[in-house]
Structure formats: structure tokens, C-alpha cells
Amino acid sequence: MGRSKSAAKSKMPQVTLHHVTSIPLNQLVLSAANVRKLYEEKAIADLAEDIARRGLLQSLVSRPTEVDADVYEVHAGGRRLRALQLLLKQKRIAADAPIPCTIKADGIAEDDSLSENVMREALHPLDEFRAFKAMLDKGMSETDIAAAHRVTPTVVKQRLRLANASPALLEAYADEELTLEQLMAYCVTEDHARQDQVFAALADKPDWQKDAHDIRRLLTEKMVHARDRRVRFIGLETYEQAGGFVQRDFFDEDNEGYLQDAELLNRLVMDKLNAERDRLLAKGWKWVEAAVDVPYSELSKHRRLVEATAVLSDEEEDRLDALRNELFDLEDIEEPTEEQQARANTLEAEIDALENREPVYSPEDMAKGGAFLSIGHDGSVDIAYGYLKPEDVALQPREPGAEPLTGAEPSDDEETKLKPLPDSLLQDLTAYRTQALRTALGRDFTVAFMAALHALCIEHFFHFGSKSCLQISARGGFHANVEGLEAWKPTKDYEARDSELRALLPEDAEDVWAALWKLTDNDREALFAQCVAGSLNAVREKHNMRTAEIANSNDIANALGFNMVATGWQATGKTYLDRVSKAHIVAAVGEAKGDDTTQYLNGMKKEGLVREAERLLAGSGWLPEVLRNGEATAPNEAREPDTELPAFLAQTSEAAL
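The opening position of the sequence shown corresponds to residue 5 in my numbering, with each subsequent residue numbered one higher.
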């Protein structure tokens with residue numbers, strides 16, 4: 005057996021390597037058998053520079069021509085020959101410079117040329133990263149490495165950052181357990197311990213939960229991105245000058261990075277806000293509240309003062325016209341210079357200062373009013389002027405015929421005069437109406453689109469305009485702990501449709517944009533209407549009566565042909581009667597059944613009255629005023645309701661909310 009193996013080995017052909025010799029450059033010509041016919045001149049120029057720097061690292065493959073034995077055709081290494089000839093043309097190499105060539109007379113030239121190109125294997129990126137690091141460790145600067153390998157310094161920084169990742173991450177990348185994009189995300193920080201911690205935490209997660217976005221979010225959850233409005237407000241330089249460290253993300257195109265000291269950032273922000281606060285107080289305001297963000301719910305608790313109109317002088321009007329004309333001329337230039345662009349920016353700032361002056365208030369109003377100071381989304385100062393605190397509202401003179409500022413006057417006789425409904429009941433009732441409206445709106449693209457367009461317009465063009473009942477971010481909602489609401493049919497219908505439409509979308513949020521383009525118009529319209537419906541909020545709360553939003557919800561309801569009667573809501577002891585006065589109960593029955601029906605009810609005790617009223621109201625379609633639709637803003641455009649309304653609801657009351 006041993007002899008047989010030995011004999012077999014002896015019969016295997018022996019590999020013979022061709023010899024390498026030097027041939028003068030001017031005796032080399034490009035062979036027609038060289039398979040690479042297409043090339044970029046810039047790539048040849050880059051290769052020439054590389055040869056000039058480090059010499060020729062690979063020999064050419066050539067064979068003598070049949071016509072002249074002193075001339076050799078290069079059939080493998082054509083790019084290198086072109087680069088050498090470019091250096092000759094630039095007089096940077098001698099015409100007779102010896103060029104190492106592998107002389108090969110056997111075989112097919114095209115076969116050799118093709119093999120040289122297709123058998124090469126690109127370097128694994130990790131090997132490139134480590135090579136850059138080795139060069140840096142041996143004394144080359146980042147600039148030298150960039151110049152030597154014809155890349156930008158930023159690319160070198162990126163490669164070095166990847167090479168310095170945690171050894172566990174580099175091993176996972178080499179084993180194809182991590183993608184390059186994921187490795188780049190881990191390198192948002194240089195802290196190996198933190199990298200390994202997040203890597204271990206994500207090990208058992210499904211792939212869709214450990215993409216680059218998730219990795220970067222986990223690594224920076226205690227940092228603040230440089231695009232945060234707080235950073236824009238104070239300026240990144242201010243933070244750095246105060247000793248704050250910025251962790252740069254070399255894989256972010258803007259390379260803005262993350263601020264690691266959130267406490268320092270917040271202190272600098274409040275210092276600047278307080279300085280602005282002191283400036284406003286010095287102007288005469290009684291109070292100024294400063295915070296990063298002031299929610300609208302806080303503003304809505306305060307009454308507004310009436311501001312005077314800030315009138316421009318004749319000189320200022322002339323100046324404004326001149327600035328606008330100059331800006332118009334600059335905007336007509338297709339490719340403005342840097343100076344022209346800078347001038348346009350200056351003009352825009354001056355125009356903005358003239359057009360958007362601080363509102364004017366009388367010294368008397370300022371002495372009892374105040375302002376809310378916060379940071380806008382773009383990092384600018386956002387000031388809401390002219391608010392009165394509740395304790396100062398009483399100081400305001402009441403105009404003749406105006407409604408009381410502190411609520412309705414209490415009734416002297418509960419049995420004969422109607423008191424306002426309890427706040428908790430108002431919230432519950434309007435929660436039912438809100439949920440039912442959502443269900444109806446989610447099925448009507450046209451009305452949902454118009455409602456959304458209305459909300460977007462007032463949000464964009466009017467700072468303190470009429471408010472839409474749509475929380476147009478589409479991630480809004482309403483919070484009401486109402487017994488029975490979760491099991492109510494419109495709620496179940498809404499949730500079922502939500503699940504149905506969610507199935508149209510991919511699992512990953514990043515894929516939604518592309519997926520939407522592939523959907524039918526009907527599917528897109530259904531998704532749009534459902535998203536808009538999910539933002540609708542017409543719930544009245546104790547400290548936020550949402551008057552303008554309720555009026556807008558009436559417009560939407562009328563446009564939908566919506567009514568609460570069709571939802572099956574009934575006035576029962578639990579939903580309404582137990583929670584109102586006897587006078588309210590009698591009034592409800594009288595409205596639904598006629599005043600004659602109520603005569604025998606007046607002497608009944610509350611418990612018996614509730615039971616009898618519940619019996620009389622069953623099937624009548626009676627609704628409390630707050631559940632009825634108000635008068636439509638555009639009645640000609642309103643639709644007829646899908647369900648025939650009771651007689652008392654056929655004509656909408658002008659007093660409806």
C-alpha cells in the first residue's frame with residue numbers, strides 16, 4: 005500500500021514557474037490579447053502615483069512578439085503598463101527603465117489575462133482596518149496614510165475607529181456574526197466595556213431588534229446628540245469650552261457626535277434661559293417662567309392678554325421694502341457665490357427682525373401678566389407673551405355680557421334649575437364620543453384628509469389659531485379611565501381595523517417608506533384615514549374644556565354624517581342618570597318623551613326616578629347635549645346621517661357644544 009501511494013505521488017505533474025527578467029520599458033507594448041479593454045484614466049493616474057511612491061510591486065506577464073524578438077507584448081498587467089507609460093510621458097521614469105516581467109510563451113494569452121483578473125480576491129475589510137492601524141503604529145500619520153492610499157483623512161479615521169473596536173466585536177465581524185453596518189454602529193463609542201455589554205445584551209434578540217439603529221440607540225441612551233435643540237440653543241462650542249466632551253461619530257456624514265455630559269449641558273441651557281428670563285423681567289413683566297419645553301396644556305390654563313399691534317414707522321417700511329427687493333434679486337441667481345449667499349442670509353435675518361417683532365403690551369398689562377420662555381425645535385428662543393395666572397384673572401375688568409371667568413354661577417334650586425354637568429361625567433361622555441368619532445373617521449379617507457390638512461395648516465401658519473381636535477403627530481390619544489369603554493363595540497371595531505391595516509406594513513420601520521409605494525391607492529387611503537383617526541381627541545377635561553377642539557370635532561362629525569345614536573349608546577343609570585341631578589333626569593325625559601310624560605316624575609325619589617327614566621329613555625335615541633353634533637361650519641357640505649335621528653335631534657341646537 006505504501007509503495008502504491010508513493011508511486012501515485014511520483015506520477016503527479018511537477019509545477020514549473022516561469023522565470024522573471026527585466027525588460028526595458030520602451031520594449032514593452034500592450035497585447036491585443038489583454039482582456040481588460042475598459043479602464044478609468046483617473047484610476048491609471050492613481051496607480052502611477054502609487055508606483056512612483058513605492059515602486060512596482062507586481063511583475064508584468066509578457067511574451068515576445070513574432071515579428072520582433074526584442075519587443076514583448078504584455079497580456080497580463082495592462083493597467084500597470086499604462087501607469088508606467090504615463091510616468092514616462094511625465095518624464096518621471098526613463099524610457100529604458102528595467103521592468104520586471106514574467107516571460108511566458110506557452111498557453112493561451114487571453115486565458116492568462118482573464119485568470120489574473122478573475123482569480124484575485126478582494127481584501128477582507130477587517131484586514132484593511134488592521135493594516136491602517138499597523139501603519140499608524142509604525143509612525144505614519146493619518147494624513148500620510150490617506151495620501152499613500154488615495155483616500156480622504158475621514159476614511160482613514162473611520163478605518164482606524166473600526167480597527168480599535170472591542171476584540172469580541174472584531175472576532176464576531178470576522179465570523180460574519182456582525183455586518184459592517186452593525187460594527188460601525190458599535191464604534192459610536194470607544195468604550196470596549198460598553199460595546200461588549202450591549203453586544204451581550206443583544207445576543208439572544210431576534211435580528212430585527214439588533215440592527216444598527218438599535219445598537220446606536222443603546223450605546224448613546226445616556227448621551228445627547230449634537231442636533232438636540234438644547235445643543236443648538238447654547239451652541240456646541242459653548243459646551244466644549246465649558247469642558248464638555250463630545251464623542252464623535254465618524255460614520256455620521258455631519259460628524260456632529262454625542263455630548264456625554266448631559267448635566268453640564270442642562271446647566272448651560274438653564275443659565276442661558278435664565279439670562280433671557282431676566283431680560284424679559286427687566287422690560288416690566290410681572291413673571292416669566294423658563295423651561296426647555298412648555299406644553300400647550302400648561303398654556304391653556306392661563307388667560308391671554310390682548311396685545312397691541314406693532315406698527316412699523318415709515319422709515320422702517322421703506323427699509324423693509326428695500327431689503328425684500330435686494331433679497332429677491334439674489335434669489336434669482338442660479339449659482340450664487342459664497343458672498344452672495346452670506347448676504348442673502350443677512351437680509352433674511354434683518355427682514356425677520358422687522359416682520360416678527362415682539363408683541364406690544366401696555367405697561368399696566370405687563371405689570372400683572374407674564375410670559376413662558378422655552379426652546380423651539382430649531383434651538384431658537386420661543387417666547388409666549390401675555391398670559392395671566394389664575395390668581396391674577398380676578399384683577400381683569402369684566403366686559404358687559406361676558407361669561408364669568410371662574411365658571412358658571414351656582415343654581416339656587418337644584419330641582420328647578422340645571423347645574424353644569426360634573427366634570428368627570430363630561431370627560432366620560434366625550435370619551436365615548438371621541439372613540440366613536442375615531443371609528444367613523446378611520447373609515448372615511450376624504451374627511452380624514454381634509455381634517456388632517458386643516459390641522460396642518462393651522463399648525464404651520466397660525467401660532468395661536470383655532471385648534472384642531474387632531475393630535476396631528478398621529479401618536480396622540482386621550483386618557484380616560486371609563487368603565488365599559490374598552491369593551492364597547494366601536495372600540496373593538498377600531499382595534500380590529502387597526503390590526504387589519506397593520507398587516508399591510510413590514511416589520512421594520514425603516515422598510516415602511518418603500519412598502520407604501522407598493523401598496524394600492526385604496527390601501528394607502530385606508531392607512532392614512534386610520535392614522536388620522538388615531539390622533540383625534542375631543543375629550544373635555546376638568547382643566548381643559550377644549551372649546552375650539554370640540555367645535556372642530558363637530559365639523560368632522562357633521563361631514564361624516566356621524567351621530568352617537570347609531571353607536572347604540574344609551575342613557576342608563578351607570579352611563580348618565582346616576583351622576584346627574586333630578587332636574588337633569590326630568591329634563592331628559594321631557595325632551596325625549598314630551599313634557600306631559602314628566603308630570604308624575606317630579607315627586608319621585610332619586611333611586612326610583614333613575615329606574616323609571618332608564619325605562620322611558622330606552623330606545624328613544626336621546627343624547628345629552630355634549631354628545632350631539634354642533635352646527636356645521638359648512639352645512640351644505642355636511643352629509644346626511646346614516647341613521648334616522650329622533651325628532652328632537654333632527655335640528656341641531658345652536659347651543660350645542
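Heads up, the beta-carbon is just placed ideally off N, CA and C, and yes, glycines get one too.
With a cutoff of 8 Å on beta-carbon distance, Ala435 and Val310 are scored as not near each other. In this model, Asn567 and Trp626 are separated by some 11 Å (Cα to Cα). When rounded, the separation of the alpha-carbon atoms in Arg221 and Asp253 is 13 Å. Per the DSSP secondary-structure output, Gln251 pairs in a beta bridge with Tyr262. Between Arg323 and Ile387, the alpha-carbon positions lie close to 26 Å from each other. Boundaries of the beta strand (DSSP E) harbouring Val292: 291-294, taken from the DSSP string. For Pro394, there is no enclosing beta strand (DSSP E); the enclosing alpha helix (DSSP H) has its first and last residue at 394-397. Beta-bridge partners of Asp502 (DSSP): none assigned. Counting every other CB atom within 10 Å of its CB across the protein chains shown gives Thr602 a total of 16 or more, marking it as buried.
In chain order, Ser26 place their CB closer than 6 Å to the CB of Pro102, counting only its own chain and leaving out the 5 sequence neighbours on each side. With fewer than 16 other CB atoms across the displayed protein chains lying within 10 angstroms of its CB, Lys46 is exposed. Taking a contact as a CB-CB distance under 8 Å, the pair Arg84 and Leu64 counts as one, their CB atoms being some 6 Å apart. When beta bridges are read from the DSSP output, Ser378 appears opposite Asp386.
One alpha carbon belongs to Ala216, the other to Ala294, and they sit about 37 Å apart.
In this structure, the CA atom of Pro510 is about 49 Å from the CA atom of Lys393. Scanning Pro68, Phe136, Ala135 for the CA closest to the CA of Ala113 turns up Pro68. C-alpha of Val486 to C-alpha of Leu445: approximately 21 Å in a straight line.
Proximity of the stretch 339-350 to the stretch 195-209 falls short of the contact definition, fewer than three beta-carbon pairs being nearer than 8 Å. Inclusion of His79 and Asn38 in the CB contact set at 8 Å is warranted, their separation being smaller than that value. A contact is defined here as three or more CB-CB pairs under 8 Å, and the stretch 172-191 meets this definition with respect to the stretch 123-137. Assigned with DSSP and collapsed to three states, Ile103 falls in strand. Assigned with DSSP and collapsed to three states, Tyr243 falls in helix. Cα atoms of Thr571 and Pro494: separation of roughly 7 Å, rounded to the nearest angstrom. Contiguous alpha helix (DSSP H) elements confined to the stretch 591-641 occur at 610-621, taking only those with 4 or more residues. For Val536, there is no enclosing beta strand (DSSP E); the enclosing alpha helix (DSSP H) covers residues 525-537. For Arg67, the enclosing beta strand (DSSP E) covers residues 64-68.
Residue environment analysis places Gly380 among the exposed positions, since fewer than 16 neighbouring C-beta atoms fall within 10 angstroms of its C-beta. For Val590, same chain residues with a beta-carbon under 7 Å away, outside a window of 5 residues either side, are Thr602, Leu605, Asn606 in chain order.
Ranked by how close their Cα comes to the Cα of Arg57, the residues Ile97, Glu77, Ala73, Glu125 have Ile97 in first place. For Ala47, the enclosing alpha helix (DSSP H) has its first and last residue at 45-58.
Per DSSP, reduced to three states, the secondary structure at Val451 is helical. For Ile219, the enclosing alpha helix (DSSP H) begins and ends at 216-223. Excluding five sequence positions before and after Lys108, the CB atoms of its chain that fall closer than 8 Å to its own CB belong to His22, Val65, Ser66, Arg67, Asp116, given in chain order. Contact annotation: Leu263 and Val296 have beta-carbon atoms that are not nearer than 8 Å.
Between Asn168 and Asp100 a beta carbon distance of about 47 Å is seen, past the 8 Å cut, so the two are scored as non-contacting. Between the C-alpha atoms of Leu268 and Arg283 there is a straight-line separation of about 23 Å.
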